[in-house]
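**Q**
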Amino acid sequence: DLDPFGPEPDYIIIGAHDYNQVRQMGALKGTRSIWAIMEMVANGTTLIVLDQADRWAEQMSVYYHKSIKYTDIKNFGDTGRLFVGDSILFSGLPVNQAMNWEYQTLYRRNVRGLGLAQKGLETIVGISAQNTDSIHNALTRVPFGTGQVILSTLNLLPEATSRKPQSAVAKKLLLNLLEYSK
Numbered sequence: 001d002l003d004p005f006g007p008e009p010d011y012i013i014i015g016a017h018d019y020n021q022v023r024q025m026g027a028l029k030g031t032r033s034i035w036a037i038m039e040m041v042a043n044g045t046t047l048i049v050l051d052q053a054d055r056w057a058e059q060m061s062v063y064y065h066k067s068i069k070y071t072d073i074k075n076f077g078d079t080g081r082l083f084v085g086d087s088i089l090f091s092g093l094p095v096n097q098a099m100n101w102e103y104q105t106l107y108r109r110n111v112r113g114l115g116l117a118q119k120g121l122e123t124i125v126g127i128s129a130q131n132t133d134s135i136h137n138a139l140t141r142v143p144f145g146t147g148q149v150i151l152s153t154l155n156l157l158p159e160a161t162s163r164k165p166q167s168a169v170a171k172k173l174l175l176n177l178l179e180y181s182k
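Quick note: the sequence shown, position 74, residue 74 per full-length UniProt numbering, numbers continuous.
Pasting the structure below:
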């Protein structure tokens with residue numbers, strides 16, 4: 001649990017959550033709602049969003065000094081293909097390629113990506129498909145004040161608690177997010 005009035009942490013990880021409840025965190029009764037989490041990020045905290053990244057991107061696009069330009073979330077179903085560049089966040093994992101069998105757990109269910117203008121952000125994992133010319137972001141880093149926001153549409157949360165051997169790559173990526181994103 002995060003205390004919006006307590007000391008500012010190095011990291012805030014957003015997993016499965018009630019978005020509207022989190023958005024109102026720190027608002028005083030009878031005053032305009034503030035987003036205490038984003039204030040912490042502006043002051044140096046790293047925010048890692050693993051669920052509902054589209055809702056967070058939309059808020060950042062509209063309310064938070066237009067820190068990104070968000071257009072949409074695209075559901076690629078089972079036709080989307082993920083690819084990873086060269087990022088410290090993938091230390092010890094295959095990089096500079098389409099995500100191959102090592103990343104098989106990230107392809108379960110459907111794959112989605114955020115439509116974001118590329119200026120001012122780092123695309124870490126992109127997604128596209130044969131039937132489209134658009135490239136969306138599945139994992140991206142956005143500078144915000146002296147902090148940063150990492151937005152993910154990757155299927156990481158179910159793998160965090162899985163005992164299946166194939167979830168090791170997703171777990172390694174989660175550990176890398178904590179170790180290298182500061």
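Glycine included, each C-beta is placed from N, C-alpha and C at the ideal position. Everything numeric in this text was worked out from a predicted model, so none of it was measured.
1. Alpha carbon to alpha carbon, how far is Ile-68 from Leu-121? Give it in angstroms, no decimals.
2. Secondary structure at Glu-8, three-state DSSP: helix, strand or coil?
3. In chain order, what residues of the same chain lie with their CB nearer than 6 Å to the CB of residue 187, ignoring the 5 residues before and after it?
4. So, with DSSP's three-state summary, where would you put Gln-97?
5. Count the other CB atoms within 10 Å of the CB of Asn-96; is the residue buried (16 or more) or exposed (fewer)?
6. Between the alpha carbons of Asn-75 and Asn-137, how many angstroms are there, rounded?
7. Have a look at Gly-15, Ser-152, Val-22 and Arg-141 and flag the residue whose alpha-carbon is nearest the alpha-carbon of Asp-3.
8. Helix or strand or just coil, what does DSSP make of Gln-148?
9. Determine the extent of the alpha helix (DSSP H) in which Leu-177 is found, giving its start and end residues.
10. Using beta-carbon positions only, say whether Thr-127 and Leu-82 come within less than 7 Å of one another.
11. Since I believe Gly-15 is in contact with Gly-147 (beta carbons under 8 Å), could you give me their beta-carbon distance rounded to a whole number of angstroms?
12. Do Ile-124 and residue 189 count as a contact pair if the criterion is CB distance below 7 Å?
**A** So, to answer that:
1. Residue numbering aside, residue 121 sits at position 121 when the sequence shown is read from its first letter. Residue numbering aside, residue 68 sits at position 68 when the sequence shown is read from its first letter. Rounded to whole angstroms, Leu-121 to Ile-68 spans 8 Å at the Cα level.
2. By one-based count along the sequence shown, residue 8 stands at place 8. Coil, per DSSP.
3. Shown here, the chain extends from 1 to 182; a query on residue 187 therefore has no answer.
4. Translated into the one-based positions of the sequence shown, residue 97 becomes position 97. Assigned with DSSP and collapsed to three states, Gln-97 falls in strand.
5. On the sequence shown, residue 96 is found 96 positions in, with the first residue counted as 1. Around the C-beta of Asn-96, fewer than 16 other C-beta atoms lie within 10 Å, and the residue is accordingly described as exposed.
6. As a first step, residue 75 must be located in the sequence shown, where it is residue number 75. As a first step, residue 137 must be located in the sequence shown, where it is residue number 137. About 12 Å.
7. Mapped onto the sequence shown, residue 3 falls at position 3. When the alpha-carbon of Asp-3 is set against those of Gly-15, Ser-152, Val-22 and Arg-141, the nearest one is in Val-22.
8. In the sequence shown, the residue the question calls residue 148 occupies position 148. It is a strand residue.
9. Indexing the sequence shown from 1 puts residue 177 at position 177. Start and end: 168 to 180.
10. As a first step, residue 127 is located in the sequence shown; it is residue number 127 there, counting from the start. As a first step, residue 82 is located in the sequence shown; it is residue number 82 there, counting from the start. Sequence check: residue 127 is Ile here, not Thr. In this structure, Leu-82 lies closer than 7 Å to Ile-127 by Cβ.
11. The sequence position of residue 147 within the sequence shown is 147, counting from 1. The sequence position of residue 15 within the sequence shown is 15, counting from 1. About 19 Å; that fails the 8 Å criterion.
12. The structure shown does not extend to residue 189, since the chain is modelled only from 1 through 182, so no value can be given for it.
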